[in-house]
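**Student:** Dropping the structure in here first, questions after.
Residue numbers (our numbering): 131 to 609.
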């Protein structure tokens, strides 16, 4: 791992957190139950954080808590209490949007590491100077900047000793990050309070017929510019996706881990990734990075470019949840069914293949499905079925996620002592050691004296400490 280049992955729930660990993230950002700009995510509880933190920390992975909504005055106290609880659980930094909260955290926790959220829309030199005065150590630069501007700001940030953070993959906002009021104005769900319902992604009926999403942008994908962005080092490369699945987090993080390995080895970076094409995306764009937004920046309603047309509905039994299509399906396939004029009907998952047949003209498949989410109308003959195959099953990731635990640190113990003197224990792990002596002196045992087996039994009780007993040396213990 190059410590000057940080791969920062999202976690909207416990499984996503573990997926980021497995895929090779250097740092993970997440929200708790309050004050997160992604309230639609499951987020983590403090109890979950207490369990998950050792899994990450034992692998050298840094943890960043997002407290990045704008706050009311009456909420500052609760936010500070949450900050204290997070720091007690080994969180490395707090990501903040509200400048007032930044000042309050700095006053109450002077040693706490502060990061500026993307919600601050940091896009000019005056902002950099202002945030430097507030004592931030890392700034997420605005997603709307070009590579040329990012490089310029990165040089300026080096003068302040601040690390630039750059979004390299994931959703774009039709407005500027942190400056959109569309969700709040239309639905009373403000983005800066973490409640954006993404009206920009919604379909609208067009006068010409059909449905379109005129405000929906393609996704950011800086993959081909990995080498240029690594030239900003020290730099944090951030993946968007706290309301995305664990499968998405693993796939995108893994792809970027492989790309950075090429760059760090001095080899030519890949132009594209098969893994990235399998993860949820609305099509990829580099318009902002190249400083020239075009009409191709919009995806006009295609919600997920990973969907492939699987066939057409021939019959559906709502009672038996049996779907017959002209086309081929496999167990585990995720389905999207659309009606006339591209109208969304539902999402589903294939639970079981009942039977299938292939002719010279076409394949026919009967499958039992489970509808996931809301059913918008009826599944009827002639509707189009799209599918995408999951990555989890092919990579056995779910099992790895369920079994992931903290890495225990090997602990060696050297015991010495003689009658009339204290017992001396030296504990060694990771090139560090500490020596402790007993307050009482050793006396002759009336029955069972100290031996290596007894010491191993007593000192091996290390559950929950993060250590595992590697060995005991009692050669200098007087029998």
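C-beta: ideal position from N, C-alpha, C; glycine also.
Hey, residue 356 and residue 393 are a contact pair by Cβ (cut 8 Å); roughly how many whole angstroms apart?
**Tutor:** Correct: roughly 5 Å between the Cβ atoms.
**Student:** Which residue marks the beginning of the alpha helix (DSSP H) containing residue 348, and which one marks its end?
**Tutor:** Careful: residue 348 lies outside any alpha helix (DSSP H) and carries neither H nor E.
**Student:** When DSSP labels each residue in this structure, what does residue 286 get in the three-state scheme?
**Tutor:** Three-state DSSP puts residue 286 in a helix.
**Student:** Use the C-beta contact count for residue 315: other C-beta atoms within 10 angstroms, 16 or more gives buried, fewer gives exposed.
**Tutor:** Result: exposed.
**Student:** Based on the DSSP secondary-structure assignment, which residues constitute the bridge partners of residue 513?
**Tutor:** Its beta-bridge partners do not exist; DSSP assigns none.
**Student:** Report the CB separation of residue 382 from residue 371 in whole angstroms; it is logged as a contact under 8 Å.
**Tutor:** About 7 Å separates the two Cβ atoms, so the contact holds.
**Student:** Bridge partners of residue 234, per DSSP?
**Tutor:** DSSP, once it has assigned bridges, lists no residue as partnering residue 234.
**Student:** Could you check the C-alpha separation between residue 545 and residue 580 for me, to the nearest Å?
**Tutor:** So the two alpha carbons sit approximately 11 Å from each other.
**Student:** In chain order, what residues of the same chain lie with their CB nearer than 8 Å to the CB of residue 437, ignoring the 5 residues before and after it?
**Tutor:** Closer than 8 Å at the Cβ level, and outside the excluded window around residue 437, lie 466, 516, 517, 518.
**Student:** Does the beta-carbon of residue 274 have 16 or more other beta-carbons within 10 angstroms, so that it is buried, or is it exposed?
**Tutor:** The residue in question, residue 274, is buried, as its Cβ has 16 or more Cβ neighbours within 10 Å.
**Student:** For residue 537, which residues of its own chain have a beta-carbon under 7 Å away from its beta-carbon, when the five flanking residues on both sides are left out?
**Tutor:** Contacts found: 188, 189.
**Student:** Helix, strand or coil, according to DSSP, for residue 200 in the structure here?
**Tutor:** Note: residue 200 maps to coil in three-state DSSP.
**Student:** Is the distance from the Cβ of residue 501 to the Cβ of residue 487 below 8 Å?
**Tutor:** For residue 501 and residue 487, no; Cβs fall outside 8 Å.
**Student:** Just to confirm, are residue 292 and residue 269 a CB contact at a threshold of 8 Å?
**Tutor:** Going by C-beta atoms, residue 292 is nearer than 8 Å to residue 269.
**Student:** Are there 16 or more other CB atoms within 10 angstroms of the CB of residue 421, so buried, or fewer, so exposed?
**Tutor:** The residue in question, residue 421, is exposed, as its Cβ has fewer than 16 Cβ neighbours within 10 Å.
**Student:** So, with DSSP's three-state summary, where would you put residue 178?
**Tutor:** Note: residue 178 maps to helix in three-state DSSP.
**Student:** Name the one or two DSSP bridge partners that residue 192 has.
**Tutor:** Residue 192 pairs with 157.
**Student:** Between residue 247 and the rest of its own chain, which residues show a CB-CB distance below 8 Å, the 5 nearest in sequence each way excluded?
**Tutor:** Around residue 247: 167, 196, 198, 225, 226, 227, 270, 308.
**Student:** Whose C-alpha, out of 217, 583, 595, 593, is nearest the C-alpha of residue 601?
**Tutor:** The shortest Cα separation from residue 601 among 217, 583, 595, 593 belongs to 583.
**Student:** Using 8 Å as the Cβ pair cut-off and three pairs as the minimum, do the stretch 167-185 and the stretch 320-340 touch?
**Tutor:** Contact between the stretch 167-185 and the stretch 320-340 is present, because at least three Cβ pairs lie under 8 Å.
**Student:** Looking at residue 499: is its Cβ nearer than 8 Å to the Cβ of residue 484?
**Tutor:** The answer is no: Cβ separation not under 8 Å.
**Student:** Enumerated in chain order, which unbroken segments of the alpha helix (DSSP H) with a length of 4 residues or greater are wholly contained in the stretch 526-573?
**Tutor:** With a minimum length of 4 residues, the continuous alpha helix (DSSP H) runs that stay inside the stretch 526-573 are 527-533.
**Student:** Within 10 Å of its beta-carbon, does residue 569 have 16 or more other beta-carbons around it, so buried, or fewer, so exposed?
**Tutor:** The residue is exposed, with fewer than 16 neighbouring Cβ atoms inside 10 Å.
**Student:** If I measure Cβ to Cβ from residue 278 and keep anything under 7 Å in the same chain, skipping five residues before and after, which residues do I get?
**Tutor:** Excluding positions up to five away in sequence, the list reads 421.
**Student:** Could you tell me which residues DSSP puts in a beta bridge with residue 294?
**Tutor:** According to DSSP, which records beta bridges pairwise, residue 294 is partnered with 269.
**Student:** Relative to the alpha-carbon of residue 430, which residue among 254, 358, 333 has its alpha-carbon at the smallest distance?
**Tutor:** Comparing Cα positions, the closest option is 333.
**Student:** In this structure, how does DSSP classify residue 99 when only helix, strand and coil are distinguished?
**Tutor:** Outside the displayed range of the chain (131 to 609) lies residue 99, so it cannot be described from this structure.
**Student:** To the nearest angstrom, report how far apart residue 215 and residue 595 are at their CA atoms.
**Tutor:** Whole-angstrom Cα-Cα distance: 19 Å.
**Student:** State yes or no: is the C-beta of residue 258 within less than 8 Å of the C-beta of residue 221?
**Tutor:** No, Cβ-Cβ distance for residue 258 and residue 221 is not below 8 Å.
**Student:** Have a look at 347, 504, 461 and flag the residue whose alpha-carbon is nearest the alpha-carbon of residue 304.
**Tutor:** Among 347, 504, 461, the Cα nearest to that of residue 304 belongs to 347.
**Student:** Cα separation between residue 282 and residue 366?
**Tutor:** Going by the C-alpha atoms only, they are around 16 Å apart.
**Student:** Rounded C-beta distance between residue 417 and residue 410? I'm assuming under 8 Å.
**Tutor:** At roughly 20 Å, the Cβ-Cβ gap does not stay under 8 Å, so residue 417 and residue 410 are not in contact.
**Student:** Please report how far the alpha carbon of residue 435 lies from the alpha carbon of residue 385, in whole angstroms.
**Tutor:** Whole-angstrom Cα-Cα distance: 17 Å.
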